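Shown next, in structure tokens, is the structure this report addresses.
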Amino acid sequence: MSTVQTKLKQLAVATVAGFQLALPATAADSTNTPPDNSSDSSAAQAAEIEALKQELQALAQKVDALEHQQQAPPSAAPTPSSPAIADLDQKVRVLERQREIDQENAATLAKSQPKISMNQNGFSFSTADTNFVANFHGVLQVDSRTYFNNPKLPAGTDGFLLRRARPIFNGTVFKDFDFNFTPEFGGSTVQIVDAYLNYRYDSALQLQAGKFKSPIGLEQLQADVNTTFNERSIATDLIPYRDVGVELHGDLAGGVLSYAGGIFNGSPDLNTTTVNTGLSNGKAFVGRLFAQPFKNSDLVPLQGLGFGVGGSYQHDDPVTSELTPGYTTDGQQKFFTYGSKVLPAGTHWRIDPQGYYYYGPFSLLGEYDISAQRLTGGTVTGAKPVTLQNNAWEITGGWVLTGEDAGYNGITPLHPFNLHNGNWGAFQVVARYANLDVDNNAFKDGFASASTTGTFTASASEARAWSVGLNWYLNRNLRINGSFSRTDFTGGRGTGATVTEQPENVLFTRLQLAF
Amino acid sequence: MKTLLHLFLILALTLGVEAKEIKLLNVSYDPTRELYQEYNDAFAQYWKTKTGDDVVVSQSHGGSGKQAQSVINGLEADVVTLALAYDIDAISAQAKLLPANWAEKFPDHSTPYTSTIVFLVRKGNPRNIRNWDDLVKPGISVVVPNPKTSGGARWAYLAAYAYALETFNHDDPKARDFIRQLYKNVPVLDSGARGSTVTFAQRGIGDVLLAWENEAHLALKEFGADKFDIVTPPLSILAEPPVAVVAKNARRHGTTEVAAAYLNYLYSDVGQEIAAKNFYRPRDPAIAAKYAANFAPLKLVTIDQEFGGWTKAQATHFADGGVFDQIFQPQN
């Protein structure tokens, strides 16, 4: 049976059926209508409907007859047996073709339409060819810190704080140019933490300029939302924070080897309040190599092994802004600063061997930092300019209790939190030990501060911190942390120190939203 | 040491003369698939013999207007071979990818071959369609692509318009009315010439397809001469599909020389023969004479003489709100 005949038959049958269905309804309607020559009009309607039914039945019979007559298979060209059928045939063909064209046009249009997505990775808008992309992400961290100190020597302030509150705008223009703009509304000052452009020739050769993290420390380079504990370890106190400069970077051999090297303004150790201008005329040369030799191999247990080294070399001008504002504990209390007359006096170099190992739920990350800076201004009589070498190291381990894979870029729960389904997300236990040892000459020659002003009262020569914690990943976006840190101090300068005369014991909690 | 030096020099020379593989992208319009498939092979052979380098030419086909827009939007064509000059003008004006005088870069205003619009009818011409005025008769179903997106469709529209102007002594309102009547008989508008061929030849829609001359011949070859006939009307338009190097893209790709040679070779005897074999009217008189049997004689009007050139024709007829928008009502 041809398509046309089928359609005609279906049309006729459907029409007859429709009339048959409509008839009782019409009759019902007529019963509700006020009588007005009702018997005559009802009889006339019934006669008209009956006539229509007969006509339609005749039409259906004609269609049946046509089915028998038209035995030839359909051809590309119309083979009408009558002008009316030919006309109908053309109409059907046109409708079908129009549908095809509409579908083609819709498909073409869909390919050229901008794409909008909203999911666990944030909001994204892009052109159809993805040459232009705009993303919106956000980070919100609401922390609490509770200090357990000797009541006679109050140190940290208990309370809640907005640790980070960052809208993140990033994206791509003209296919190869990436940008990132990230302001910080958390803490006590509003500042720009990241603002850079990145030209991507390909993944192996990229040029980035602006303000971003110096490529040195492993823990420092880990995204803020993925660090194991609320605060990075005291080992990262020797690493610069963000800096302004230009960097060449890329991944070679599918990420087996990553490199980064550039020239920056030069930033002191742990300068957590970032600036957008140069601190002095001196510049820092910063670089890092990091290898993951088994990343793409079949040796699954070694795929998560990575190691490398970062470092910097800079010449500091004799200005206080090139001097660290102080090393801080896990609880963010200063336990060491330089004296007020101390100034940089030349070179400042850092070296940072580092590595991590991830295998299934297990994670291990460690690094050893050395920061050596030439200084002048020791208060001991006859003190000469010296190069003080401060050393620090840390090791962090973790285990995901719920079996998910741990990773440098965070954990994705296999079963996101949903009480209706009995899913709780992922839980991870973590532990860390870190040590920061200030050069003894800082104390022997009077470079360390013995000030008793402000919240900080004296410098310790060494801090040892251990921490344990439990991280609860409700889903990819929400995380709740709880951890305890204890820091012990030895040596130092000054007396009556409320921070360094007693161990620091702090309980941290965090509620984090990141998308 | 000397031996090492010699080896080094030999190695350097060997590396220096190693054959390159050059890639070209030719963005073209719908019905040129077969033409350039054959031509690309011939040119690759020519270039290999001449320079030792391999050339791989990729093709992109679609409605001419759409293709031009793709190049404007970033499709990195080294050369464009489109259906009409206006589309290349648009690339020049909007994307500044080639100079405004691009048409002067090659002979014959950069149109190495010409064509025209003919009628493809069903075998035996059952509706007896002989001339343009047969297309406006009630009950005649005409298949033609959308002139907003197809170069061939714009040529077809202008050919019909030229006929009407001539028939009505350049009475423009009457000519418009003629065009209105014609497009009333168009049941469906495809976006390109190839789509219209599918509509007519494969889907069995319509009595006549207004087609590029080469497309009509290809339809005969592809679907069988026993299914369709070509009717050449007494008057049609001289369609001049132009070619151009997309200068900025070619410069960036380092293909300027080979791209120019690629288009120049279209004017060679080999290129002209290939064009003629694919039913494009060659510019070369000798080759045109050789293939005269393929091309029925007819009166050909030019867009310059009848419509004042492409820029004016585009603005008057095909721009948004132009004559076509005024006269065409999509059928429900």
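Going down the list, the sequences are from chains A and B.
This note's numbering numbers the first residue of the first sequence as -8 and each following residue consecutively.
This note's numbering numbers the first residue of the second sequence as 50 and each following residue consecutively.
Idealized CB from N, CA, C, for every residue including glycine.
The structure presented is a predicted model; accordingly, all values stated were derived computationally and were not measured.
Say whether chain A places a C-beta atom closer than 7 angstroms to the C-beta of residue i.
i               : result
I140 of chain B : no
V237 of chain B : yes
R252 of chain B : yes
F377 of chain B : no
A260 of chain B : no
Does the beta carbon of residue i come closer than 7 angstroms to any beta carbon on chain B?
i                : result
S(-7) of chain A : Because S(-7) of chain A carries a pLDDT of 45, less than 50, the predicted location of this residue cannot be relied on, and the following value inherits that uncertainty. Answer no: the Cβ-Cβ gap between S(-7) of chain A and chain B never drops below 7 angstroms.
V85 of chain A   : yes
Q104 of chain A  : no
Q89 of chain A   : yes
A505 of chain A  : no
State the start and end residues of the unbroken beta strand (DSSP E) segment that holds residue i.
i               : result
E175 of chain A : F168 to E175
H339 of chain A : L334 to Y350
F353 of chain A : F353 to T367
T163 of chain A : G150 to V164
K325 of chain A : K325 to F327
Q305 of chain A : L296 to H306
A342 of chain B : It is not in any beta strand (DSSP E) - A342 of chain B carries neither H nor E in the DSSP assignment.
A186 of chain A : Q182 to D193
T137 of chain A : V124 to Y138
Leaving out five residues on either side along the sequence, give the residues of the same chain with a beta carbon under 7 angstroms from the beta carbon of residue i.
i               : result
L270 of chain A : N256, G257, V310, S312 and E313
T351 of chain B : L287
R225 of chain B : V372 and I376
So the alpha helix (DSSP H) residue i belongs to, where does it begin and stop?
i               : result
P334 of chain B : P334 to K339
S245 of chain B : A242 to T246
I121 of chain B : S113 to I121
G188 of chain B : That residue, G188 of chain B, is in no alpha helix (DSSP H); it is neither H nor E in DSSP.
D138 of chain B : A134 to A139
V85 of chain A  : P74 to S103
R225 of chain B : D221 to K233
W204 of chain B : G200 to T216
D374 of chain B : V372 to I376
R82 of chain B  : R82 to T100
E355 of chain B : I352 to F356
Starting from residue i, find everything on chain B with Cβ-Cβ shorter than 9 angstroms and list it in chain order.
i               : result
I92 of chain A  : V237, L238, D239, S240, G244 and T248
N122 of chain A : G123
Taking C-beta pairs closer than 7 angstroms, name the residues in chain B that residue i reaches, listed in chain order.
i              : result
Q81 of chain A : S190 and I254
Below 7 angstroms on C-beta distance, what does residue i contact in chain A?
i               : result
G370 of chain B : Simply none; closest approach about 21 angstroms.
Based on the DSSP output, what are the partners of residue i in its beta bridges?
i               : result
T163 of chain B : B:R330
D428 of chain A : A:N382 and A:E453
Q108 of chain B : B:N75
R171 of chain B : B:F277
G208 of chain A : Bridge partners of G208 of chain A: none, in fact.
T481 of chain A : A:E453
D254 of chain A : One detail in the question is off: residue 254 of chain A reads as Ile in this sequence, not Asp. Answer is A:V237 and A:F276, bridged to I254 of chain A.
T293 of chain B : Checking the sequence shown, residue 293 of chain B turns out to be Ala, not Thr. Paired residues: B:V129.
S108 of chain A : A:S115
Just the chain A side, please: which residues come within less than 8 angstroms of residue i by C-beta, in chain order?
i               : result
G201 of chain B : Under the 8 angstroms cutoff, chain A gives no residues; its nearest Cβ is about 16 angstroms from G201 of chain B.
Got a sec? Which residues, its chain only, sit under 6 angstroms from residue i by beta carbon, not counting five neighbours each side?
i               : result
Q111 of chain A : R467 and N468
A139 of chain B : A117
K106 of chain A : S117
V106 of chain B : L73, N75 and N89
G388 of chain A : L355 and A422
L248 of chain A : A282
K361 of chain B : none
Short of 8 angstroms in beta carbon distance, which residues of its chain neighbour residue i, apart from the five on each side in sequence? Order them along the chain.
i               : result
R171 of chain B : D256, K276, F277 and D278
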